[in-house]
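Student: Can you keep this structure in mind? I'll have questions shortly.
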Amino acid sequence: MKRRKVIAILTAAAMILGTAACGDSGGSQEDKTGEKDTSEEKESSQETGSKEQSGEITLLMTNDWVDESTDLGTEFTKTIRQYEEEHPGTKITLQGASQQDIKESFQTAALAGGGADVVIMDNSGHAIDLAAMGLLYPLSDLTSAEELVSQYQEGPLNSGKFQGEYYSVPWYMDCCGLYYNKERLDELGLAVPTNWDELSAALEKVKEAGYGGIITYQSAYAFYSFFYQNECPVIDTSGETPSVVIDNEQGTEAWNYICDMITKGGLVESFKEATTWDKVYESFANGEATFLLGGDWCATGVDEINPDLDYGIATMVGGKTQATVLGGWTWNINANSKNPELAYDLIQYINSEKGDPILDVEGKISARKDFDYGKALEGKERLKVFTDEFPYTCARPAVINEKAIDELITNAILEVDYGKATAEEALGSLTQKLNENIASNYK
74 MKRRKVIAIL
84 TAAAMILGTA
94 ACGDSGGSQE
104 DKTGEKDTSE
114 EKESSQETGS
124 KEQSGEITLL
134 MTNDWVDEST
144 DLGTEFTKTI
154 RQYEEEHPGT
164 KITLQGASQQ
174 DIKESFQTAA
184 LAGGGADVVI
194 MDNSGHAIDL
204 AAMGLLYPLS
214 DLTSAEELVS
224 QYQEGPLNSG
234 KFQGEYYSVP
244 WYMDCCGLYY
254 NKERLDELGL
264 AVPTNWDELS
274 AALEKVKEAG
284 YGGIITYQSA
294 YAFYSFFYQN
304 ECPVIDTSGE
314 TPSVVIDNEQ
324 GTEAWNYICD
334 MITKGGLVES
344 FKEATTWDKV
354 YESFANGEAT
364 FLLGGDWCAT
374 GVDEINPDLD
384 YGIATMVGGK
394 TQATVLGGWT
404 WNINANSKNP
414 ELAYDLIQYI
424 NSEKGDPILD
434 VEGKISARKD
444 FDYGKALEGK
454 ERLKVFTDEF
464 PYTCARPAVI
474 NEKAIDELIT
484 NAILEVDYGK
494 ATAEEALGSL
504 TQKLNENIAS
514 NYK
């Protein structure tokens, strides 16, 4: 496609500007590509990944994972040093970046021919962008699709799948659940809503009593769940070129349900300012909102603000089917890495039981199918609801520049929330803009 040719030209030009290395052993990926034309050679490559490895690897993480002044950073660093001890001759260098900057930092370095061998990424489409630019190492050169499917939950694994190829290894996962104020529901004689009709009825009664309804992060994140519950993928990625389907019958029904909630005051006023999760926690913890749509991490944020709040967490309400939206982080190998086999071996090590103590620090849940959820949730039983949702957790659309898609959907929701457009007007405009976005990215 023309887009690939343009990216190839840009990548080649960028590589002239920088020659930073990703490791010190093995040949370049360009050399390796020519050696992997047959199935026998690919099998040999996969076998190599299971053997003892040595060399230098650079790992780019968000700052909180490498800050040794914290329990999280201490545990992560401990696991890394343990890997080095078990693999003599291996040296791992840790680099840190902010959560907001990590993708751009890696992308800039990789385009210049350098960058860290391994980088963690949010599974909200970041890997898709990098894979489309040719910056990630295809996992088929290191393992098989069957092996990946046998190891990891489907939603997280598919978040790194681009044009039929896996580029990301899931690390930990989360999903969106329904937080509710127990005391308020008891006061109003309300049961925890389990479907769309019950949620609408609860929001109406909450409003009549003078209380606020739902708070969530100002993005498309939680709203994807309603489309998925109505069997609409928002953007169909099953074909060679993604197709916008948000305005089909199922999508229109989901959109109208969301907009009906909004126009009837279902979203609290502070949603208009909820551009950080801290604002979401505050709204729920201080009693403005009766419900919160968010993942397991919200519990810590709410507890820190109001440890006395009596609240519960339930699965997301169901529509035609049960569904919720995926969150979490993945491991990605730089296409420039000189030792991708070692990089993959390190990822597998951290993802194994030997790396579980890292996740235990903050109660994170591994995306491994054999992960011991019961043990991980000891003392945190109310978070079990999220593991109950895992089998029907769906990744956001695997399209290039998903961030722009998210912004377009969010802006359409805000137009309705501010009363600047009807549901029908907003959906029509949104559909047009989504189609234009897809067309510009898939020329």
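The opening residue of the sequence shown carries number 74 in the working numbering; numbering runs sequentially from there. C-beta atoms are modelled at their ideal positions from N, C-alpha and C, and glycine is treated no differently. Only a predicted model underlies this, so the values are computations on that prediction, with no experimental measurement involved.
For P266, does the count of other Cβ atoms within 10 angstroms reach 16, so buried, or fall short, so exposed?
Tutor: That one is buried.
Student: Between D144, L272, Q172 and L503, which lies nearest to M194 when the distance is taken from Cα to Cα?
Tutor: When each option's Cα is compared against that of M194, the closest is Q172.
Student: Give me the Cβ distance between G401 and Y245, rounded to the nearest whole Å; I'm assuming they're in contact under 8 Å.
Tutor: Between Y245 and G401 the Cβ distance is about 5 Å, and since that is below 8 Å, they are a contact.
Student: Just verifying my parser: in three-state terms, what is the DSSP assignment at I308?
Tutor: I308 falls in the strand class under three-state DSSP.
Student: Three-state secondary structure (DSSP) at T348?
Tutor: T348: coil per DSSP, three-state reduction.
Student: To the nearest angstrom, how far is it from the Cα of E108 to the Cα of Q155?
Tutor: Interpretation of E108 is limited by its pLDDT of 38, a score under 50 that renders its predicted location unreliable; no figure is taken from the coordinates.
Student: Could you say which of V242, Y297, L365 and E158 lies nearest to N424 if we only look at CA atoms?
Tutor: Answer by Cα proximity: V242.
Student: Under 8 Å, do Y284 and T336 count as touching if we go by C-beta distance?
Tutor: Going by C-beta atoms, Y284 is not nearer than 8 Å to T336.
Student: For M334, which three-state DSSP category applies?
Tutor: Residue state, collapsed to three classes: helix.
Student: Roughly how many angstroms separate the alpha carbons of D376 and S513, rounded to a whole number?
Tutor: Their Cα atoms are separated by approximately 44 Å.
Student: So, are the CB atoms of G198 and V472 less than 8 Å apart?
Tutor: For G198 and V472, yes; Cβs fall inside 8 Å.
Student: For the putative contact between D383 and K278, defined by C-beta atoms under 8 Å, what is the C-beta separation to the nearest angstrom?
Tutor: Between K278 and D383 the Cβ distance is about 19 Å, and since that is not below 8 Å, they are no contact.
Student: Out of E148, T135, I153 and T131, state which residue places its alpha-carbon closest to the alpha-carbon of Y422.
Tutor: Nearest C-alpha to Y422: I153.
Student: Taking the CB atoms as reference points, tell me whether I319 and F299 lie closer together than 8 Å.
Tutor: In this structure, F299 does not lie closer than 8 Å to I319 by Cβ.
Student: Nearest to G324 by alpha carbon, out of N303, A282 and S439?
Tutor: G324 has its Cα closest to that of N303, out of N303, A282 and S439.
Student: Cα separation between G100 and G128?
Tutor: The predicted model places G100 with a pLDDT of 32, which falls under 50 and marks its position as unreliable; any figure quoted below should be read in that light. Each residue's alpha carbon lies about 12 Å from the other.
Student: What whole-angstrom Cβ distance do L215 and P413 have, given they're in contact under 8 Å?
Tutor: With 8 Å as the limit, L215 and P413 qualify as a contact, their Cβ atoms being about 6 Å apart.
Student: I need the straight-line Cα distance from Y491 to L399, nearest angstrom please.
Tutor: The straight-line gap from Cα to Cα measures roughly 28 Å.
Student: Beta-carbon separation of G338 and G374 under 8 Å?
Tutor: Going by C-beta atoms, G338 is not nearer than 8 Å to G374.
Student: Measure from the alpha carbon of I378 to the alpha carbon of each residue in L221, A189, G368 and W350, then state which is nearest.
Tutor: The option with the nearest alpha carbon to I378 is W350.
Student: Tell me the DSSP secondary structure of E157 in three-state form.
Tutor: Residue state, collapsed to three classes: helix.
Student: Alpha carbon to alpha carbon, how far is N508 from V317?
Tutor: The alpha-carbon atoms of N508 and V317 are separated by roughly 6 Å.
Student: For P315, which residues of its own chain have a beta-carbon under 6 Å away from its beta-carbon, when the five flanking residues on both sides are left out?
Tutor: The residues are I308, V472 and I511.
Student: Take V390 and list the residues in its own chain whose beta-carbon comes closer than 8 Å to its own, dropping the five residues that flank it on each side.
Tutor: Closer than 8 Å at the Cβ level, and outside the excluded window around V390, lie L251, P266, T267, N268, W269, E271, L272 and Q302.
Student: Quick one: what does DSSP say V265 is sitting in, helix, strand or coil?
Tutor: It is coil, neither helix nor strand.
Student: G228 lies in the alpha helix (DSSP H); which residues open and close that run?
Tutor: Run containing G228: E227 to N231, per the alpha helix (DSSP H) assignment.
Student: Do T466 and T397 have their CB atoms nearer than 8 Å?
Tutor: Cβ distance < 8 Å, so T466 and T397 count as in contact.
Student: Taking C-alpha atoms, which residue in E313, N407, M334 and S217 lies nearest to A275?
Tutor: Per the Cα distances, M334.
Student: If the criterion is Cβ atoms closer than 8 Å, does the pair V222 and N405 meet it?
Tutor: No, the Cβ-Cβ distance between V222 and N405 is not below 8 Å.
Student: What's the gap between the Cα of K345 and the Cα of L487?
Tutor: Looking at the two C-alpha atoms, the distance is approximately 7 Å.
Student: Do D247 and F459 have their C-beta atoms closer together than 8 Å?
Tutor: Their beta carbons are under 8 Å apart, which means D247 touches F459 by this criterion.
Student: Quick check: the Cα distance between G452 and F149, rounded to an integer number of angstroms?
Tutor: One C-alpha to the other measures close to 22 Å.
Student: Does the distance from the C-beta atom of W370 to that of L500 stay below 8 Å?
Tutor: Their beta carbons are not under 8 Å apart, which means W370 does not touch L500 by this criterion.
Student: Kindly indicate the opening and closing residues of the beta strand (DSSP E) around T166.
Tutor: Note, T166: beta strand (DSSP E), T163 to A170.
Student: Cutting at 6 Å between CB atoms, please list the residues of its own chain near A205, excluding the five before and the five after it.
Tutor: For A205, where only same-chain residues beyond five positions count, the Cβ hits under 6 Å are I473.
Student: Taking only the alpha-carbon atoms, compute the straight-line gap between K164 and G187 and give it to the nearest angstrom.
Tutor: Their Cα atoms are separated by approximately 18 Å.
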